[in-house]
Structures are given as structure tokens and as C-alpha cells.
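Q: First, the structure itself, so that you have it in front of you.
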Amino acid sequence: MDSPIRDYYNGKSILITGGTGFIGKVLCEKLLRSCPGVDNIFVLLRPRNDKTAQQRLQEDILDSKVFTLNNNGLNHSKIVAVSGDVSTAGLGLSDEDRDRLISEVSVVFHSAASVKFHGPLNDFIVQNVCGTQAVMQLCSKMTKLEVCFVISYLRWVDNVNGVAGALMLGALGIARTMEVNCDAKADLIPVDMIANSLVVIGWHSGTHPNDKKQVIHLTSGVENPVTWGKFLDYSRVAAVKAPSIRMVRPLAKNPTSYRGPLGRINHVITKYVSHILFAYFVDAIITLLGYKRIMVKVTNKMHRAFTVLEHFTNKEWVFHNTNYYEIHDKLSEEDQKLYFSDIRRLIIVVKHQTSLNKHSTLLIVA
Numbered sequence: 001m002d003s004p005i006r007d008y009y010n011g012k013s014i015l016i017t018g019g020t021g022f023i024g025k026v027l028c029e030k031l032l033r034s035c036p037g038v039d040n041i042f043v044l045l046r047p048r049n050d051k052t053a054q055q056r057l058q059e060d061i062l063d064s065k066v067f068t069l070n071n072n073g074l075n076h077s078k079i080v081a082v083s084g085d086v087s088t089a090g091l092g093l094s095d096e097d098r099d100r101l102i103s104e105v106s107v108v109f110h111s112a113a114s115v116k117f118h119g120p121l122n123d124f125i126v127q128n129v130c131g132t133q134a135v136m137q138l139c140s141k142m143t144k145l146e147v148c149f150v151i152s153y154l155r156w157v158d159n160v161n162g163v164a165g166a167l168m169l170g171a172l173g174i175a176r177t178m179e180v181n182c183d184a185k186a187d188l189i190p191v192d193m194i195a196n197s198l199v200v201i202g203w204h205s206g207t208h209p210n211d212k213k214q215v216i217h218l219t220s221g222v223e224n225p226v227t228w229g230k231f232l233d234y235s236r237v238a239a240v241k242a243p244s245i246r247m248v249r250p251l252a253k254n255p256t257s258y259r260g261p262l263g264r265i266n267h268v269i270t271k272y273v274s275h276i277l278f279a280y281f282v283d284a285i286i287t288l289l290g291y292k293r294i295m296v297k298v299t300n301k302m303h304r305a306f307t308v309l310e311h312f313t314n315k316e317w318v319f320h321n322t323n324y325y326e327i328h329d330k331l332s333e334e335d336q337k338l339y340f341s342d343i344r345r346l347i348i349v350v351k352h353q354t355s356l357n358k359h360s361t362l363l364i365v366a
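Printed below as a string of C-alpha cells:
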């Protein structure tokens, strides 16, 4: 069937920054799979750890599960690594790469940013503010530019940090307590819906120049809210149905918000007894068995991550999706299916997967 969005990207070249990030990888795959007529997808990659931009493209993007789980003969040659760094002057581009981007790129998705919440402020300014400025300066010279979209987010990850890590540690029986307002809205969205919406927004901005939206939100907290308590309960139920062979002890009970001094005391006691003391006890046993100590290290890392996460699990924000719905509801039936991103129809399912050497937590749309 006809797809106006797919047709729009035919023959166009795209620049993506932050391509090794969670959103960036999924966006690359979605564009390549759903828009096979796209010309090139340039990905700005910073060489590091003695790896070139091309090596990072292969190892961090093309060899990631986003691509390997659903390859289906995608033409990887259309994804072009561009050596650069948003934190350096002129994005660190060579003259040749700069000239090529200026003459070929029509659509820009700027996703590169630091998502850390602790560190020197100057580093964040260089990466998130000056980096964006450098991308805008490059865009101002592009002869075919139709769309430039800056992606702003709090914390999108595909590793053990953030929400996924908290759920995984809970499913393994390691995490027993954290500061959570179980009545607060979690405002979570699967990453593929974000990638779909970005492709949609790019099409709309390029084909409706007189109706460009300056700010577009896509959140679940207003139209389709799920509280932290409900979300954690989903995770616990999933962990009970599919227990991990790496579980170190039984799961904690269903999450409950303890308010006031009593709740704080209960949290602190559980943290020191059931987290820290338990970690030293486990390490003592595995040391006697001749293995390397690990539990104290894991627990300390967990507590550092929870310190950051607890700011978001105890507060909630209100964002409205009006601008996005004005775009989405005018899409063709084919494009609404191909680029599914209707938060109003979102059903959150948490699934735990386990193997001999790995445990993963998935947020799925049902």
C-alpha cells in the first residue's frame, strides 16, 4: 500500500547524531527498514578507545540486537559512518565529510547529548549546548536541508542503568527497597514508538513547511498513565512467571509507598540490612568458595543509580501531546500502522528474559 511517509524519504540523505544511543540505533534501523528508498543515513560517530568511526558503526550499531534480531536483508551499506565529535569545534569534521554533508543531507535528527545527571556542569554545556549550536551551524550551510529536529529527553537507555536496571535487580532478588512514590505517574514509552514518531515528525515538517511545530511532546502520563506502583507490580508478576536462574534470593514483596518518618526509617533499615549487610555476607561466602567478590560492588553501583533515579520516581510532570496528535491523526491508515505511535492505544507489558549468562528486562507494547 502507498505510504506518503515512505515516499517522502525516497532519495533523501539523512544525518543522525547520537547514533550509538538507545534512540539513535532504533531510529537508524527503522529508517532503513521502513524507507528502503532512502539514499544515505550519515551517522556522526566519535572515534574512541582506538576504534575508528567505521569500527564503532559496525560494533555499536550494526552488530547490536536492534539490527541482528530483525535484519531481513537490510542494506547496511546505506548507513555511512562520519568521524566527528559534537564536543569539538566544527564537530571535528574533515573538510571532505563536511562538504558532503552540506551538499547531500536533507533531514537532520540531532540526538547526541549527555544523559548523565552528575558531573561537571561545563562538560554538559559543551556537549549539550555547544554541541547543538555546532550542529545548527552546519545545518545553516546545507543546500538541501528541509528538516532539522532536535531530540530532547531525560534518560533513554538500553543497559542496566535507569528503570531497566532497577527492574532487573528486583527480578534477581538483589534490590529490596528504593524511594518511590507508588502513586506518581511513571510516564514510560517503548523506544520504537519514539523512533516511529521521529520519522513521522520529519515527514510532516518537510511536507508542511507552513505548519511546522516548534515543540512536540510524546509522553504517556496524560492520556495513558501508569503509576510507578503499578509498573513495579507488573515487573514482579513477570519475574514470578519467568524466574531467573541467576536469582540470588526470593523477590521482595509488592511495592508499597511508606510515607512520613516511619517509611523513611523502614527504607534505611532495609537498605543497610537487606542490601549492604547481605552483600558483604554473600561476598564472604563466595570468597571462601574461591570466587571473586562481586555483590558489594553491584550493590554500591545500584545505590548510586537509585540516587539518580529516585528524583524521577518521586515526582511527576505533565506534558501534553496535542501537537503530535494533530500530525498523527491526519496520517494515512497505512502510515498509522507502519509508524505506530498512538500513545492512547499503548498497553504496557513487562517481560523478563533469562539465559545461563544474562538476564534482560523488556518494555513491550501489546
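full-length UniProt numbering puts the first residue of the sequence shown at 1, with every later residue one more than the last. Note that beta-carbon positions come from the ideal geometry of N, C-alpha and C, so glycine has one too. In this text the structure is predicted, and so the values were computed from the model without any measurement.
Just to confirm, are residue 324 and residue 216 a CB contact at a threshold of 8 Å?
A: Yes, they are a contact pair.
Q: Taking DSSP as the reference, what is the three-state secondary structure of residue 275?
A: helix
Q: For residue 142 and residue 105, which I take to be in contact (beta-carbon distance under 8 Å), what is that distance rounded to the nearest angstrom?
A: About 5 Å separates the CB atoms of residue 142 and residue 105; that is less than 8 Å, so the two are in contact.
Q: If we ignore side chains and look at the alpha-carbon of each, how far apart do residue 277 and residue 292 end up?
A: 18 Å
Q: Where does residue 117 land, buried or exposed, given buried means 16+ other C-beta within 10 angstroms?
A: With a threshold of 16 other beta carbon atoms within 10 Å, residue 117 falls short and is exposed.
Q: Report buried or exposed for residue 240, applying the criterion of at least 16 other Cβ atoms within 10 angstroms of its Cβ.
A: With fewer than 16 Cβ atoms within 10 Å of its Cβ, residue 240 is classed as exposed.
Q: Leaving out five residues on either side along the sequence, give the residues of the same chain with a beta carbon under 6 Å from the beta carbon of residue 348.
A: 226
Q: Over what stretch of residues does the alpha helix (DSSP H) that includes residue 79 continue unbroken?
A: Annotation for residue 79: no alpha helix (DSSP H) segment contains it, though the beta strand (DSSP E) segment containing it runs 79-83.
Q: Enumerate in chain order the residues of its own chain whose CB-to-CB distance from residue 376 is below 8 Å, with the five nearest sequence positions on each side excluded.
A: This structure cannot settle anything about residue 376, because the visible part of the chain is limited to 1 through 366.
Q: Can you give me the C-alpha to C-alpha distance between residue 178 and residue 43, rounded to a whole angstrom?
A: Their Cα atoms are separated by approximately 38 Å.
Q: Relative to the alpha-carbon of residue 103, which residue among 212, 14, 279, 173 has its alpha-carbon at the smallest distance?
A: 14
Q: What residues match up with residue 148 in a beta bridge as DSSP calls it?
A: 108.
Q: Looking only at its chain, what residues have a beta carbon closer than 6 Å to the beta carbon of residue 147, apart from the 5 residues adjacent to it on each side?
A: 107, 202, 205, 206
Q: For a quick check, are the C-beta atoms of residue 169 and residue 244 less than 8 Å apart?
A: No, these two residues do not count as a Cβ contact at 8 Å.
Q: Under the three-state reduction of DSSP, which class applies to residue 222: helix, strand or coil?
A: Correct three-state label for residue 222: coil.
Q: Alpha carbons only, please: which of 254, 337, 53, 10 is nearest the one belonging to residue 229?
A: 254
Q: Any contact of the region 72-79 with the region 45-54, i.e. 3+ C-beta pairs under 8 Å?
A: no
Q: So, with DSSP's three-state summary, where would you put residue 356?
A: With a pLDDT of only 41 at residue 356, under 50, the local geometry of the prediction cannot be trusted, and no value is derived from it.
Q: Please state whether the Cβ-Cβ distance between residue 163 and residue 314 is less than 8 Å.
A: It is not a contact, given that the beta carbons lie outside the stated cut-off.
Q: Quick one: what's residue 42 bridged to in DSSP?
A: 15, 80
Q: Here's the rule I'm using: 16 or more other beta-carbon atoms within 10 Å means buried, otherwise exposed. How should residue 326 be labelled?
A: exposed
Q: Sorted by chain position, which residues of the same chain lie with C-beta nearer than 6 Å to residue 231's C-beta, five sequence neighbours on each side aside?
A: 186
Q: Specify, as a first and last residue, the run of the alpha helix (DSSP H) that residue 136 falls within.
A: Counted as a single uninterrupted DSSP element, the alpha helix (DSSP H) harbouring residue 136 occupies residues 131-139.
Q: Find out if the Cβ-Cβ distance for the pair residue 124, residue 111 is shorter than 8 Å.
A: no
Q: Would you mind sorting residue 294 into buried or exposed? The rule is 16 or more other CB atoms within 10 Å of its CB.
A: exposed
Q: Going by DSSP, which residues form a beta bridge with residue 227?
A: 185
Q: Rounded to the nearest angstrom, what separates residue 312 and residue 167 at their Cα positions?
A: 15 Å
Q: Within the present structure, is the beta-carbon of residue 237 separated from the nearest heavy atom of the ligand GDP by less than 7 Å?
A: The model on display carries no ligand, and the ligand GDP is accordingly not part of it.
Q: Starting from residue 61, follow the alpha helix (DSSP H) in both directions and report where the run begins and ends.
A: It is not in any alpha helix (DSSP H) - residue 61 carries neither H nor E in the DSSP assignment.
Q: With residue 28 as the anchor, note down where its alpha helix (DSSP H) starts and where it stops.
A: Segment 22-34, the alpha helix (DSSP H) holding residue 28.
Q: DSSP three-state call for residue 213: helix, strand or coil?
A: coil
Q: Determine whether the beta carbon atoms of residue 138 and residue 101 lie at a separation below 8 Å.
A: It is a contact, given that the beta carbons lie within the stated cut-off.
Q: Do residue 2 and residue 334 come within 8 Å of each other at the CB atom, strictly closer than that value?
A: yes
Q: Grouping DSSP H, G and I as helix and E and B as strand, with all else coil, what is residue 365?
A: The predicted model places residue 365 with a pLDDT of 48, which falls under 50 and marks its position as unreliable; any figure quoted below should be read in that light. Here residue 365 sits in strand by DSSP.
Q: Starting from the Cα of residue 64, find the closest Cα among 30, 191, 20, 134 and give me that residue.
A: 20
Q: Looking at the structure shown, is residue 286 part of a helix, part of a strand, or coil, going by DSSP?
A: The DSSP-derived three-state label of residue 286 is helix.
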